[in-house]
Amino acid sequence: IDGDKGILRHRGYDIKDLAEKSDFLEVAYLLIYGELPSGEQYNNFTKQVAHHSLVNERLHYLFQTFCSSSHPMAIMLAAVGSLSAFYPDLLNFKEADYELTAIRMIAKIPTIAAMSYKYSIGQPFIYPDNSLDFTENFLHMMFATPYTKYTVNPIIKNALNKIFILHADHEQNASTSTVRIAGSSGANPFACISTGIASLWGPAHGGANEAVINMLKEIGSSEYIPKYIAKAKDKNDPFRLMGFGHRVYKNYDPRATVLKETCKEVLKELGQLDNNPLLQIAIELEAIALKDEYFIERKLYPNVDFYSGIIYKAMGIPSQMFTVLFAIARTVGWMAQWKEM
31 IDGDKGILRH RGYDIKDLAE KSDFLEVAYL LIYGELPSGE QYNNFTKQVA
81 HHSLVNERLH YLFQTFCSSS HPMAIMLAAV GSLSAFYPDL LNFKEADYEL
131 TAIRMIAKIP TIAAMSYKYS IGQPFIYPDN SLDFTENFLH MMFATPYTKY
181 TVNPIIKNAL NKIFILHADH EQNASTSTVR IAGSSGANPF ACISTGIASL
231 WGPAHGGANE AVINMLKEIG SSEYIPKYIA KAKDKNDPFR LMGFGHRVYK
281 NYDPRATVLK ETCKEVLKEL GQLDNNPLLQ IAIELEAIAL KDEYFIERKL
331 YPNVDFYSGI IYKAMGIPSQ MFTVLFAIAR TVGWMAQWKE M
């Protein structure tokens, strides 16, 4: 990362290039193995991920112990941790087990995530369909039902693929550090990833894009933006401008640049580009803030959370699932970083 210049690279590849030219599993391979796959390596990797996407049928009984009102992150946290019980041979983990474990983790997290959502809304689980690619399969498990055919919109799929790539890894943040600390004790990988999910659940980490949506709703209309800009500058006012500024970036977050354009593509496809109130407020808020000396002096630019929530809502993904989707993507980075421990 070069925070001053607003540059993010994975294994030497610029994040914008990866988002535009790669798919999520290709980036997953890059992070785990250190290089982009050949055609044969990519095909083998994707086949293995598809093969391991199904979870043990007995995991369904665990879901039945949760309240119907349970938050999907609470369900996911418990379910991922419980995978340790289904793979007892990995409690004494050996380096030779890493590759298969990483593939299992990447494959099963989307299935568990979709199951967590389905359970929270009282719908039956949808099994993985290995004829679909990674992102398409997740969307199908999220939105399909046994009684209706669901076809994934390619624009939506490509947008979510970009979001997954942009969230795959990002140096030593809270959740990644938590995974590494757990891994340093020799804990099994399923337990370590569950600690990362717990850390990610915090509103100061994975919950930031939901906070942006709530802020935009609170502003309500572009005419009230100056009022809220003034509130953000007032140290005595509890209001905070969410989605601006980053601990590392002192320039425009490169992930936010991609997401802004992706947001417009999705809303155009859905016929909401000119009439989505949250997008209109966000664009106007960004334009005003970037011309304001207060924000310029403090180098407060839109970050990765500023537009992602708007995209999710347009896709039909409820706010309680925002952090769950973050966890799907970040599992790749967690496994790559855990390998170093």
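Just add 30 to the spot in the sequence shown (first one is 1) and you have this note's numbering.
Where a beta carbon is used, it is the ideal one built from N, C-alpha and C, also for glycine.
| query | result |
| --- | --- |
| Three-state class that DSSP yields for R328 in the structure shown | coil |
| Top-ranked residue by Cα proximity to A312, from E295, S338, E327, D283 | S338 |
| Contact check, A49 vs I195, beta carbons under 7 angstroms | yes |
| Pair within 7 angstroms by beta-carbon distance, Q350 and P102 | yes |
| Euclidean distance between Cα positions of R285 and H200 | 11 angstroms |
| Alpha helix (DSSP H) segment containing F269, residue limits | Per DSSP, F269 belongs to no alpha helix (DSSP H) and is neither H nor E. |
| Expected contact under 8 angstroms - CB spacing of D283 and V334 to nearest Å | 5 angstroms |
| Secondary structure, alpha helix (DSSP H): runs of 4+ residues fully inside the stretch 306 to 371 | 307 to 319, 323 to 327, 335 to 345, 352 to 368 |
| Under the three-state DSSP convention, the category H40 falls into | strand |
| Limits of the alpha helix (DSSP H) - the one that G111 falls within | 102 to 116 |
| Secondary structure of T292, DSSP reduced to three states | helix |
| Residues that F274 bridges to, as DSSP identifies them | P332 |
| Residue span of the alpha helix (DSSP H) that contains I195, given as start and end | 184 to 196 |
| Length of the line joining the Cα atoms of E316 and K369 | 39 angstroms |
| Residue nearest to N239 in terms of C-alpha spacing, selected from A221, Y157, M272 | M272 |
| Contact check, I223 vs V354, beta carbons under 7 angstroms | no |
| 8 angstroms contact criterion, which I259 and L309 should meet: CB distance rounded | Not confirmed; about 18 angstroms, so no contact. |
| Validate contact between the stretch 136 to 156 and the stretch 84 to 98 using beta carbons, cut 8 angstroms, 3 pairs | yes |
| Close-in-space but distant-in-sequence residues of the same chain around E56 (CB under 7 angstroms, 5 per side omitted) | L66, P67, Y72 |
| I156 beta carbon near the ligand FAD (any heavy atom closer than 6 angstroms) | Inclusion of the ligand FAD in the displayed structure is not the case, the ligand content being empty and no account of it being possible. |
| CA nearest to the CA of F168, picked from F269, I136, I151, D304 | I136 |
| Short Cβ contact (7 angstroms threshold) for T225 with T206 | no |
| First and last residue of the uninterrupted alpha helix (DSSP H) at E166 | 164 to 173 |
| Reduced DSSP category for T178 - H, G, I as helix; E, B as strand; rest coil | strand |
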